[in-house]
Every structure is written in structure tokens, then in C-alpha cells.
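Engineer: Got a structure here, written out as C-alpha cells. Questions coming.
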Amino acid sequence: MRPRGCKLLARAARALGNAESSALAALHSGSSSSSPQGTLRRLHTSPSAAAEANTTTTTPTCPSPGDAFLEVPGGKLPFTSAIQFVGGSDSPAPTIPCYRTIDSAGQDVPDAQVPYPLGQDLALRMYTCMARLQTMDTLFYEAQRQGRFSFYLTCQGEEATNIGSAAGLDDKDMVFAQYREQGVLLWRGYTLDQFANQLLGNAQEPGKGRQMPIHYGSPELAYQTISSPLATQMPHAVGAAYAYKMDRLPQVSVAYFGDGASSEGDAHAAFNFAAVLGAPTLFVCRNNGYAISTPAHEQYKGDGIAGRGPMYGIPTIRVDGGDVRAVYNAVVAARARALGLGSGSGSGSPEGSSGGGGAPGPVLIECMSYRCGHHSTSDDSTRYRTSDEMRAWRARDPVARFRTWLVRRGWWDEAQEAVLRRTTRVQVLEALDAASRVAKPPLSTLFTDVYASLPPHLAAQSAQTLDFVRRHPTICPPDVPVQ
Ligand SMILES: Cc1ncc(C[n+]2csc(CCOP(=O)(O)OP(=O)(O)O)c2C)c(N)n1
Ligand SMILES: [Mg+2]
């Protein structure tokens with residue numbers, strides 16, 4: 001633990017109990033000059049007095065055990081005689097560097113650590129999923145603009161973060177996503193029909209249209225339903241991870257969150273609980289530079305989100321979120337760490353321990369990227385950022401970058417690209433058409449599925465609503481059956 005000045009001493013004094021507390025109080029009142037902790041008293045004197053005291057006070061050569069450290073319930077604190085503030089502009093910590101393995105031209109970064117290399121099959125599976133995700137996002141976005149459903153948001157610019165992280169997980173690891181992680185679902189096998197059904201809120205959608213579009217959820221794919229209020233998923237993820245730990249299950253939970261969500265109190269509570277409980281949660285921050293119109297530099301001081309990890313006692317890594325191989329490697333390594341299987345940075349299979357062992361606990365991964373699209377279909381980002389900035393980032397398209405890497409290896413070519421894009425386009429359009437032909441859930445389902453049987457007050461509300469709609473038939477959209 002590090003000294004944090006007088007405030008901490010005061011807290012420590014309270015924690016230590018009466019005897020030590022009065023001794024510390026004496027220190028601060030200046031009634032003790034013989035103790036080495038007399039140095040603390042000098043913190044409260046003027047600089048010249050302190051200089052004088054320095055010449056007259058003798059430092060004991062062999063301090064008694066109680067004077068070597070300040071022993072507090074949380075550990076041992078070394079003393080200092082200097083007024084030294086840490087952090088902020090007084091002593092900024094060095095910027096945490098960004099781990100990458102493929103450069104912006106799609107070439108291997110020389111000497112990059114790649115403990116979990118991508119074989120051809122895995123690399124191609126990851127790439128096709130990224131490209132399908134990009135095409136799906138583009139078409140769903142356009143369909144929303146045509147008025148076919150009410151809301152959409154893309155993850156353009158963050159495809160590598162979505163797919164690299166999803167591929168690094170075990171498919172049973174419980175995902176608590178924010179909302180811009182549709183690639184994780186796609187990776188796990190959520191079909192285009194399921195996406196389209198959810199977006200249109202039809203009767204085939206398990207949520208029966210009671211959630212906004214993009215609020216996907218799938219128990220079969222270990223993907224908790226999206227919750228609109230930011231960061232609420234983060235403490236839930238910690239709870240799930242703690243349950244895994246208590247049940248001795250070899251799973252982690254994954255909390256995805258944005259740079260904006262990280263300002264919520266829930267994010268801080270989640271970090272602290274996870275660290276203290278040793279809960280195997282992977283905190284995957286998608287730092288895409290914006291929280292709607294709020295740029296990252298107005299969101300936080302300090303070294304981004306990664307800078308917070310060590311303060312909570314959480315092993316942390318910052319990754320180039322546009323480099324899918326870097327994200328994958330970081331997540332596989334982090335998963336091993338979280339499960340107490342060692343440092344995770346050694347060689348080995350994703351499932352295997354890299355040796356060493358250790359206590360389970362959370363890991364924080366900050367993926368640096370850029371939100372290439374508008375926040376959502378309700379936003380126009382040209383109002384708050386320049387077209388030059390957007391153009392520069394779109395030129396760094398993570399999908400194109402990985403494609404170049406694959407082409408260099410002879411694993412992919414233009415003809416394959418054209419087929420993939422064309423078939424995905426057809427499949428997305430077919431899924432949209434099919435979903436549009438499915439009836440909407442009956443209005444009566446508005447009241448079901450919370451209780452096993454409808455309690456009297458909800459039964460009364462249901463009857464009243466249905467009666468009202470029958471008397472005013474135009475009030476309900478024509479494609480929504482009443483019963
Ligand atoms: C508690 C809460 N406050 C505000 C909002 C409104 N809101 C929705 S998305 C968003 C921005 C979130 O930004 P970030 O976490 O960086 O995610 P990104 O959209 O960039 O992926 C805000 C402020 C909300 N949904 N919940
Ligand atoms: Mg953001």
C-alpha cells in the first residue's frame with residue numbers, strides 16, 4: 001500500500017483503536033517530538049521551521065517495530081517526511097501502452113508477443129464473421145432509415161473488438177453486454193433471422209416486442225439481455241463470476257462497457273467488488289472515443305479506463321481495438337489469469353494453463369477504437385465532430401486491416417470477398433423480409449411473463465387496456481392483434 005497523506009492517517013487512527021489513535025492524535029497536535037514520527041509533525045510546520053527541525057532532530061538509527069511502518073488493517077504503510085502528492089499533474093503515471101500485433105498496413109508487428117497464434121481456420125472464421133457483421137450493420141442501419149423499424153446502432157469501427165474478444169472466450173462464459181456488441185452474438189451463432197425478429201419485435205422474438213430494437217438476449221448463447229441504463233450490467237457480471245467461483249466452475253463472466261459507461265457509479269462498484277471478491281470477470285472496455293456527443297477528453301482525466309485498473313488492484317492491459325489478433329490474444333491471456341491459471345501470457349492453447357497458477361480475479365482490458373458510425377439512428381455526429389476526423393478513422397477500418405493480413409498470407413482473395421459480401425447481403429435482406437411477414441405479438445402479451453399467473457391487479461389492467469383498444473380500434477397499429 002502507498003502512503004496517501006494525512007487523510008489516510010486519520011482513517012488509520014480510527015481503525016487502529018484508542019491507544020494508537022491517541023498516539024497519532026498526539027503526533028498531529030505536535031505533543032511528541034522524540035518519536036521518529038515527529039517527522040509527521042513537521043509536515044504541518046512552515047518550510048523554514050521544517051528546515052530548522054531537520055538540523056536539530058536526530059533520526060533513530062534503529063526504530064522500534066511500531067515506528068518502521070504504520071500498520072493498518074489493510075497492510076503496512078511506509079512513512080515519508082516529504083509532502084508529496086501523487087497522481088494528477090503532480091506526478092502523472094506513465095501512459096499505459098497499447099498492445100498490438102498487426103500494424104495499420106496489415107503487417108505483422110516485428111517481435112510482437114503472440115502466444116495464441118491464429119491458424120488459418122480460426123483466422124478465416126474470425127474474418128468472415130467480421131465481414132458479415134459489417135454488412136449486416138450497414139443493411140440494418142439502412143432498413144431503419146427506411147422506416148422498417150424504430151431504432152438501430154452499428155458497431156462500425158469496433159468489429160475487431162467484438163470478434164477478437166468473442167473468439168477468445170469460452171462460448172459458455174456469460175456475457176453481460178452494453179449494446180454495441182452484436183458481433184459477440186453473431187460469433188456465438190445468433191442467426192440473421194433472430195436479429196431481424198428482435199429488431200422488428202415480432203411474435204417469434206422471445207421478448208415479444210417488449211424491448212427496444214438491439215436489446216438482444218439469448219439464454220442458449222449465454223448472453224444476458226441488454227439493459228438500457230448504462231453500466232447496470234457490470235455489477236451483475238461480477239455477481240455471476242462470484243457464483244462461478246463459489247461453484248468452482250471454470251467459467252468467467254464478461255462485462256462489456258463503453259468509455260461513457262465507465263463514469264457510472266455502477267462501474268466503480270463493479271471494479272471494487274470484483275477485485276475484493278476475486279471474481280473472475282473480464283471487464284472489456286470499448287473505448288471508442290465518444291459517449292454520444294461527449295468526447296473522451298471530457299469524460300475523464302487520467303490515463304483512460306486502463307489507468308483505473310491498477311488502482312483497484314486489477315491486472316490491466318490496453319489493446320489496439322482495431323487489431324483483432326491483439327484483442328484475441330489479450331482476451332485469451334486475460335481469461336487464463338482470471339481463472340487463476342497463471343499469467344496467461346505464456347504459450348499454450350486457449351483452454352490450457354500457461355503454468356504458474358494464481359488466485360482467480362478480474363482483469364480489465366481497454367480496447368482503443370473509434371465509433372465510426374453515428375451513436376445510433378437517433379444521432380447526427382456531424383454536429384459534434386469533424387468530417388476529417390471521421391474520414392481518418394474510417395480509413396483505419398479494422399476489417400480491411402485484417403483482410404490485408406490474410407491476403408498477404410494467401411488465405412483470402414478478392415473473389416472470396418465478393419462471394420462473402422454478396423451472400424451475406426442476400427441473407428440479411430431475406431431475414432428482414434421474413435421477419436416482416438411474421439405477425440406482431442398480441443397486445444395482451446404486454447402483461448404476461450413476469451408472474452407465473454397474472455396477479456389480480458395486472459389482470460384488471462389487462463382487461464381495462466384490451467377493452468379500451470377494442471372501443472378505439474385505430475389506436476393500436478393494424479399489425480398488432482389485440483388478443
Ligand atoms: C444511466 C444512463 N445514463 C444515460 C444514458 C443515455 N445514454 C445512452 S448511450 C449513452 C452513451 C454511452 O457511451 P459509451 O458508454 O461510451 O458507449 P458507446 O455508445 O460509445 O458504445 C448515453 C449517455 C443511459 N442509457 N443510461
Ligand atoms: Mg463510447
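The sequence shown: position 383 = 383 (the UniProt record's numbering), numbered continuously. Built from N, CA and C at the ideal position, the CB exists for glycine as well. Only a predicted model underlies this, so the values are computations on that prediction, with no experimental measurement involved.
Apart from the five residues on each side of it in sequence, which residues of its chain come closer than 8 Å, Cβ to Cβ, to L118?
Structural biologist: Here residue 118 corresponds to residue number 118 of the sequence shown, with the count starting at 1. The answer, listed in chain order, is M126, R325, Y328.
Engineer: Ordered along the chain, which non-local residues of its own chain (more than five positions away) have a Cβ less than 7 Å from that of A49?
Structural biologist: Taking the sequence shown and counting its residues from 1, one reaches residue 49 at position 49. At A49, the pLDDT of 41 sits below 50, so the modelled position is not reliable and the matter cannot be decided from this model.
Engineer: Assuming R401 contacts G106 (C-beta within less than 8 Å), just tell me the rounded distance between them.
Structural biologist: Along the sequence shown, one-based indexing puts residue 401 at 401. Along the sequence shown, one-based indexing puts residue 106 at 106. At roughly 5 Å, the Cβ-Cβ gap stays under 8 Å, so R401 and G106 are in contact.
Engineer: Return yes when the Cβ of G373 is within less than 9 Å of the Cβ of Q156, no when it is not.
Structural biologist: For the purposes of this step, residue 156 is identified with residue 156 of the sequence shown, where counting begins at 1. For the purposes of this step, residue 373 is identified with residue 373 of the sequence shown, where counting begins at 1. Going by C-beta atoms, Q156 is nearer than 9 Å to G373.
Engineer: Can you give me the Cβ contacts of G322 inside the same chain, cut-off strictly under 7 Å, excluding the 5 residues immediately before and after it?
Structural biologist: Looking up residue 322 in the sequence shown gives position 322. The residues are A160, S369, R396, P398, R401.
Engineer: Whole alpha helix (DSSP H) runs in the region 262-296 with 4 or more residues, listed along the chain?
Structural biologist: DSSP runs (the alpha helix (DSSP H)) wholly in the region 262-296: 265-277.
Engineer: Just mark L249 as buried or exposed, buried being the case when its beta carbon has 16 or more other beta carbons within 10 Å.
Structural biologist: For the purposes of this step, residue 249 is taken as residue 249 along the sequence shown, with counting starting at 1. With fewer than 16 Cβ atoms within 10 Å of its Cβ, L249 is classed as exposed.
Engineer: Any idea if Y451 is buried or exposed, counting beta-carbon neighbours within 10 angstroms, 16 or more meaning buried?
Structural biologist: In the sequence shown, the residue the question calls residue 451 occupies position 451. Y451 is exposed by the Cβ-count criterion.
Engineer: So what's E158 in DSSP terms, helix, strand or just coil?
Structural biologist: Position 158 of the sequence shown, counted from the start, is the residue given in the question as residue 158. E158 falls in the coil class under three-state DSSP.
Engineer: With H, G and I counted as helix, E and B as strand and the rest as coil, what does DSSP make of L339?
Structural biologist: For this step, residue 339 is matched to residue 339 along the sequence shown. Correct three-state label for L339: coil.
Engineer: I'd like to know if the region 426-446 and the region 198-210 are in contact, where contact means that at least 3 CB-CB pairs between them fall below 8 Å.
Structural biologist: The region 426-446 vs the region 198-210: in contact.
Engineer: Give the straight-line distance between the Cα atoms of Q483 and T386, rounded to the nearest whole angstrom.
Structural biologist: Numbered from 1 along the sequence shown, position 483 holds the residue referred to as residue 483. Numbered from 1 along the sequence shown, position 386 holds the residue referred to as residue 386. Computed Cα separation, rounded: 50 Å.
Engineer: Quick check: what's the CA-CA separation for P477 versus V469?
Structural biologist: For the purposes of this step, residue 477 is taken as residue 477 along the sequence shown, with counting starting at 1. For the purposes of this step, residue 469 is taken as residue 469 along the sequence shown, with counting starting at 1. Using only the alpha carbons, I get a separation of about 10 Å.
Engineer: Since L77 is in the beta strand (DSSP E), which residue starts that stretch and which ends it?
Structural biologist: Position 77 of the sequence shown holds residue 77. It spans 75-78 - the beta strand (DSSP E) in which L77 sits, taken as one unbroken run.
Engineer: Using the Cα positions of R383 and G289, report the straight-line distance between them to the nearest angstrom.
Structural biologist: Numbered from its first residue, the sequence shown carries residue 383 at position 383. Numbered from its first residue, the sequence shown carries residue 289 at position 289. Spanning the two alpha carbons is a distance of roughly 15 Å.
Engineer: Could you tell me whether the region 138-147 touches the region 297-305, where touching means 3 or more Cβ pairs closer than 8 Å?
Structural biologist: No contact exists between the region 138-147 and the region 297-305.
Engineer: Among T377, A240, I83, which one has its Cα closest to the Cα of P213?
Structural biologist: For the purposes of this step, residue 213 is taken as residue 213 along the sequence shown, with counting starting at 1. It is T377.
Engineer: Note the first and the last residue of the continuous alpha helix (DSSP H) segment covering M212.
Structural biologist: One-based indexing of the sequence shown puts residue 212 at position 212. It is not in any alpha helix (DSSP H) - M212 carries neither H nor E in the DSSP assignment.
Engineer: Rounded to a whole number of angstroms, what is the C-alpha to C-alpha distance between R425 and T128?
Structural biologist: For the purposes of this step, residue 425 is taken as the residue at position 425 of the sequence shown. For the purposes of this step, residue 128 is taken as the residue at position 128 of the sequence shown. Cα to Cα, R425 sits roughly 13 Å from T128.
Engineer: I need the boundaries of the beta strand (DSSP E) containing C367, first residue and last residue.
Structural biologist: Here residue 367 is taken as the residue at index 367 of the sequence shown, counted from 1. Counting along the chain, the beta strand (DSSP E) containing C367 begins and ends at 363-368.
Engineer: Counting Cβ pairs closer than 8 Å, one from the region 293-302 and one from the region 265-272, do we hit at least three?
Structural biologist: With a cut-off of 8 Å, the region 265-272 and the region 293-302 do not count as touching, because too few Cβ pairs lie within range.
Engineer: In the structure shown, what three-state DSSP assignment does V175 receive?
Structural biologist: Residue mapping note: residue 175 aligns to position 175 of the sequence shown, counting from 1. Residue state, collapsed to three classes: strand.
Engineer: Are V238 and P362 close, meaning C-beta to C-beta below 9 Å?
Structural biologist: The sequence position of residue 238 within the sequence shown is 238, counting from 1. The sequence position of residue 362 within the sequence shown is 362, counting from 1. Their beta carbons are under 9 Å apart, which means V238 touches P362 by this criterion.
Engineer: Please report the distance separating the alpha-carbon of A241 from that of G168.
Structural biologist: Taking the first residue of the sequence shown as 1, we reach residue 241 at position 241. Taking the first residue of the sequence shown as 1, we reach residue 168 at position 168. Cα-Cα distance, rounded: 17 Å.
Engineer: Should P456 be flagged as near chain B, meaning a C-beta pair shorter than 9 Å?
Structural biologist: No chain B appears in the structure shown, which is made up of a single protein chain.
Engineer: Taking DSSP as the reference, what is the three-state secondary structure of L98?
Structural biologist: Position 98 of the sequence shown, counted from the start, is the residue given in the question as residue 98. First, the amino acid is wrong: residue 98 is Cys here, not Leu. In this structure, C98 counts as strand in the three-state DSSP scheme.
Engineer: In chain order, what residues of the same chain lie with their CB nearer than 6 Å to the CB of S165, ignoring the 5 residues before and after it?
Structural biologist: Within the sequence shown, the letter at position 165 stands for residue 165. Result list for S165: V284, V327, V331, in chain order.
Engineer: Closer than 8 Å to a non-hydrogen atom of ligand 1 - does that hold for the CB of N162?
Structural biologist: In the sequence shown, counting from the first residue as 1, residue 162 sits at position 162. Answer for N162: no, Cβ out of range of ligand 1.
Engineer: Please list the segments of the alpha helix (DSSP H) lying wholly inside the region 428-473, counting only runs of 4 or more residues, in order along the chain.
Structural biologist: As far as the region 428-473 is concerned, its whole alpha helix (DSSP H) runs of at least 4 residues are 456-471.
Engineer: Between which residues of its own chain and L221 is the CB-CB distance below 7 Å, once the five residues before and five after are set aside?
Structural biologist: Here residue 221 refers to the residue found at position 221 of the sequence shown. Hits under 7 Å: L185, R188, G189, Y190.
Engineer: Which class does P478 belong to by DSSP, given the choice of helix, strand or coil?
Structural biologist: Along the sequence shown, one-based indexing puts residue 478 at 478. Three-state result, P478: coil.
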